[in-house]
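Encoded as structure tokens, the structure appears first; notes follow it.
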Amino acid sequence: MDMKNKSEKYFDYDTFINWALTTKCNFECEYCFNKFEPPSPPLKPIDIKKVIRTLRKTKRKYLITFSGGEPFLIPNFIELCKALTKEHYISICTNLSCTEKIKQFAKEISPEKVKSIHASCHVMEHERKGINSFIENHNMLKKNNFFIDAGYVIYPPLLSRFEKDILYYRSKGIIMYGREFIGYYENKKYPESYSKKDKKRILKYYTIGQSYLKGTPCNAGYNTVAVVPNGDVLICYFVPLKLGNIYKKIEFNKKMIICPIDACQCPLKLFEPKLFSSACKQTIPYTNQEQESLINSFKIKSHHNFNLDKFIGKIGISIKRHNPNLYYKLKKIKDAQ
Ligand code: SF4
Ligand code: SF4
């Protein structure tokens, strides 16, 4: 069955939620973004009834992508998938290591309701932990008619071997792409510090990564949102203006925002082009003035001295991700004030 065609035809959702269920993971990849996040609260079951109630109130049909951390670690993850797939569609980003839960998922969830499973392949962790179930779990899901692809982070220490690794996995029937590493390695900033030669090699295996969309309209907040582990619903992970909470209420923006971020690492309008194009047909972007007052209304609601530049990341998320040492130095100074 051609799963790409199937995706186009059957998945008639009108809104996309990217939900990081937890920052907890059973892997400890050196390059994991989450290691710069505050420690995640202990893993606890999701309040499924409240989630369903919130989504129903919006009268939308969703594709909900679960990511993390590792979503299969959530104690009632299969029950959550089962409940949501009665009315909506799901996708999962996973390191594919929780074998027993993955088997249960394949048994209990219909592939017709799962748009895709994206497996992240972390060879350094596989080797360090002696894990060799990646191919087996992939093949089991594929055999059960789930569309599954895989990504390989081209971390600088893997530059000498990534082509061989990716070709090996492809030879086992896995649709695998390379992903550029975003962050610092040995005081050099990536992806900017890949050599020209390496960039050329990476391009042959590459899929969408960091994008430069500042100043362009984006459907984030209109028909795509990001949800963080405490349930807060944000415009996207880089514009963390709150639109509600998945356990209570979501209020979508009425228009599209103009992206204020220098480098977007999760360009939802490129990942979900169909929803971006519906947004372009249904609405228009906020004017500068409207966007300013939207931000000001958050300022009033949030009752703290809101500074967009500071809050969204030039001196916030971005520094935290790209130069954690500097971030913590600045934080120490700020906390001491
Ligand atoms: S598998 Fe993903 S979430 Fe887990 S440590 Fe690695 S990069 Fe982080
Ligand atoms: S950071 Fe990315 S997802 Fe967020 S508004 Fe900009 S382009 Fe859209």
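Sequential numbering of the sequence shown, starting at 742, is according to my numbering.
Using N, Cα and C, we set each Cβ at its ideal position, and we do this for glycine too.
Distance between residue 892 and residue 1006 (C-alpha atoms, nearest Å): Each residue's CA atom was taken as its position, placing residue 1006 and residue 892 some 15 Å apart.
Return the residue from the list 1010, 987, 964, 869 that minimises the CA-CA distance to residue 825. That would be 987, whose Cα lies nearest to the Cα of residue 825.
With a threshold of 6 Å on Cβ separation, who are the neighbours of residue 1000 within its own chain once the five nearest residues in sequence on each side are excluded? Once the five neighbours on either side are set aside, the close Cβ partners of residue 1000 are 954, 955, 957, 959.
Residue 787: buried (16+ other C-beta within 10 angstroms of its C-beta) or exposed? Within a 10 Å sphere around the beta-carbon of residue 787 sit 16 or more other beta-carbons, which makes this residue buried.
Please list the terminal residues of the continuous alpha helix (DSSP H) segment that includes residue 1003. From DSSP, residue 1003 is part of no alpha helix (DSSP H); its letter is neither H nor E.
Any idea what DSSP makes of residue 1043, helix, strand or coil? In this prediction, residue 1043 scores a pLDDT of 47, lower than 50, which makes its location untrustworthy; the coordinate-derived value is nonetheless stated afterwards. Reduced to three states, the DSSP call for residue 1043 is helix.
In the DSSP assignment, find the alpha helix (DSSP H) that holds residue 829 and state where it starts and stops. That residue, residue 829, is in no alpha helix (DSSP H); it is neither H nor E in DSSP.
Mind listing, in chain order, the continuous beta strand (DSSP E) runs of no fewer than 3 residues lying wholly within the segment 875 to 932? Within the segment 875 to 932, the runs of beta strand (DSSP E) at least 3 residues long that lie entirely inside it are, in chain order, 889 to 895, 917 to 921, 924 to 926, 929 to 931.
Residues around ligand 1, please: the ones whose beta-carbon is closer than 6 Å to some heavy atom of it, in chain order. Result (chain order): 766, 768, 769, 770, 773, 775, 809, 810, 811, 836, 861, 863.
Might you give, ordered along the chain, the residues of its own chain that have their beta carbon closer than 8 Å to the beta carbon of residue 819, omitting 5 neighbours on each side? Excluding sequence neighbours, residue 819 sits near 842, 845, 846, 849, 850.
Name, in chain order, the residues that DSSP records as bridge partners for residue 980. Residue pairing for residue 980: DSSP places it in no beta bridge.
State the DSSP-derived secondary structure class of residue 959, mapped to helix, strand or coil. In this structure, residue 959 counts as strand in the three-state DSSP scheme.
When you compare only the Cα positions, how much space is there between residue 888 and residue 877? One C-alpha to the other measures close to 15 Å.
In its own chain, which residues sit with a C-beta less than 8 Å from the C-beta of residue 785, not counting the 5 before and 5 after it? Same-chain partners within the cutoff: 816.
What would DSSP say about residue 1010, mapped onto helix, strand or coil? For residue 1010, the secondary structure class from DSSP, reduced to helix, strand or coil, is helix.
The segment 829 to 840 in contact with the segment 767 to 775 per 3-pair CB rule at 8 Å: Touching, yes, given that three or more Cβ pairs across the two stretches are closer than 8 Å.
Three CB pairs or more closer than 8 Å across the segment 924 to 931 and the segment 893 to 900: Contact holds: three or more Cβ-Cβ distances are below 8 Å.
Beta carbon of residue 1009: closer than 7 Å to some heavy atom of ligand 2? Correct: residue 1009 has its Cβ closer than 7 Å to ligand 2.
Is residue 1032 close to chain C? Criterion is C-beta to C-beta, closer than 8 Å. Of the protein chains in the structure, only one exists, and it is not chain C.
Residue 975, enclosing beta strand (DSSP E) - first and last residue: It spans 973 to 975 - the beta strand (DSSP E) in which residue 975 sits, taken as one unbroken run.
Through-space distance from residue 853 to residue 884, alpha-carbon basis: So the alpha carbons of these two residues sit roughly 14 Å apart.
Terminal residues of the continuous beta strand (DSSP E) containing residue 965? Note, residue 965: beta strand (DSSP E), 965 to 968.
Secondary structure at residue 990, three-state DSSP: helix, strand or coil? Looking at residue 990 - three-state DSSP - the assignment turns out to be strand.
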